[in-house]
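Only one structure is covered here, and it is reproduced in the block below.
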Amino acid sequence: MNEPHDALDLAAYCARIGHAEALSPTLDALRRLQARHMSAIPFENLDILLGRGIDLSPDVVEAKLITARRGGYCFEQNGLFKRALEAIGFRVEGLLARVRWMVPDAAPPTPRSHMVLRVVIGGRSWLVDVGFGGNTPSAPLAMDTQEPQPTGHETYRVVPSEEGLLLQALIGHAWSPLYDLSLQPQLAVDYEQPNWYTATHPGSHFRHQLSVARTTPEARYVLGNSRLTVRESTGEQSQRELGMDALMQALHDTFGLPVEESWRAVLERTMAAEREPA
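Under the working numbering, think of the first position of the sequence shown as 151, with each following residue one higher.
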């Protein structure tokens, strides 16, 4: 379901992600584009913590993620990637998913609050996602098989569910649910309400916790408040707590963000709130 839209500056997008090869709507090209997007454009929720809100207008997203070299979360990331793929000639549909990651089995259902893409190539559907933080699949996943699908990082599988399809990741020796995917295609307007909820509702963890992630071929870098986790593609993992100066440095050096000194006060309050007893 490709919607009419203003033209994306595809050359600027490709320069942003470091893609200098010919563009064609093939599976190999999709794999390269997804990997380069995730390596170049970090997942981050800083504007939510800063109280700036999240505007999904295409020109605003492009100004932020391309021109200003910032990152964003799922609606910004997958919205931009969808427009880039459409401009190249891919057939793309936006979908909505109900997050299951870290949600207890007995907990009430969460709202559908995660944007995902379905890309159809040669009649076969592929699940594509560049916006699920430190657990984002780093390669397209076939939607017509329940077999495990290795990537350069975790192994995933897509299994039937009551809602449509359930994405699972092999964490350690167990399959952990990430999100339950509805197969009903969504229009751009359908993301406005879940974006507003996720960015503004007091119960949204994005309102209270710094979440930054970047995936390269070599490793995943995940920042949850002041804890930096590095998961190597070899399987090795390390964690360390960062002081405020080291945190600001990591945002710049590890995640490639154009750090603003004005972020410091907000991040200090966020870290202080995390340390307060419940």
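All C-beta atoms, glycine included, are put in the ideal place defined by N, C-alpha and C.
Cβ neighbour criterion (16 or more within 10 Å) applied to residue i
i: S207; result: exposed
i: G393; result: exposed
i: V280; result: buried
i: D330; result: buried
i: G273; result: exposed
i: V269; result: buried
i: A429; result: Here the chain covers residues 151 to 428 and nothing more, so residue 429 does not appear.
i: E212; result: buried
i: Q227; result: buried
i: R419; result: exposed
i: L304; result: Going by the sequence as given, residue 304 is Glu instead of Leu. With 16 or more Cβ atoms within 10 Å of its Cβ, E304 is classed as buried.
i: P298; result: exposed
Delimiting residues of the beta strand (DSSP E) encompassing residue i
i: S332; result: 324-336
i: E342; result: That residue, E342, is in no beta strand (DSSP E); its alpha helix (DSSP H) goes 342-350.
i: M188; result: Looking at the DSSP string, M188 is not in any beta strand (DSSP E); the run it does join, the alpha helix (DSSP H), is 177-190.
i: H264; result: 262-271
i: I321; result: 314-321
i: A369; result: 369-374
i: E243; result: 241-249
i: Q389; result: 387-391
i: A435; result: With the chain covering 151 to 428 only, the question about residue 435 has no answer from this structure.
Proximity winner among the options, relative to residue i (alpha-carbon distances)
i: T384; options: L291, R370, G222; result: R370
i: R248; options: L315, Q359, T176; result: L315
i: G203; options: M398, R357, R419, L407; result: R357
i: L180; options: P261, L246, M252, S288; result: S288
i: T350; options: S263, N228, D395, T301; result: S263
i: G322; options: A162, Q387, R220, I271; result: Q387
i: D209; options: A256, L158, F240; result: L158
i: L317; options: W251, R414, L230, Q227; result: W251
i: F282; options: P335, V372, E382; result: V372
i: T176; options: I238, L246, P367; result: I238
i: M293; options: L277, G284, T305; result: L277
i: A162; options: S174, T295, L230, D197; result: L230
i: V308; options: S275, E424, G221; result: S275
i: P310; options: H303, E304, P327, H169; result: P327
i: G374; options: Q296, E304, N285; result: N285
i: H169; options: A234, F240, E304; result: A234
i: Q359; options: S412, T295, R425; result: R425
Same chain, Cβ closer than 8 Å to residue i, five either side skipped, listed in chain order
i: I167; result: L183, R186, H187, S189, A190, I191
i: K232; result: V242, G244, L267
i: P261; result: R248, P344, Y347
Residues of its chain near residue i, where Cβ-Cβ distance is below 6 Å and the 5 sequence neighbours each way are ignored
i: F405; result: P192, V362, R364
i: F225; result: L206, M265, Y341, N345
i: N195; result: Y223, F356, S361
i: V416; result: L199, L200
i: L401; result: L407, V409
i: M151; result: Here M151 scores only 48 on pLDDT, less than 50, and its place in the model should not be relied on; the value that follows carries that caveat. Correct list, in chain order: E243, P335.
i: E143; result: No answer is possible for residue 143: the residues shown for the chain start at 151 and end at 428.
i: E382; result: A369
i: S354; result: T348
Sequence-distant residues of its chain with Cβ nearer than 7 Å to residue i (five each side left out)
i: E391; result: S376, R377
i: L397; result: S376, L417
Continuous alpha helix (DSSP H) stretch holding residue i: start and end
i: V280; result: Premise fails: V280 is in no alpha helix (DSSP H) and is neither H nor E.
i: G229; result: 224-238
i: T420; result: 413-425
i: R166; result: 160-167
i: V210; result: 208-212
Minimum Cβ-Cβ distance from residue i to chain B less than 8 Å
i: S326; result: Of the protein chains in the structure, only one exists, and it is not chain B.
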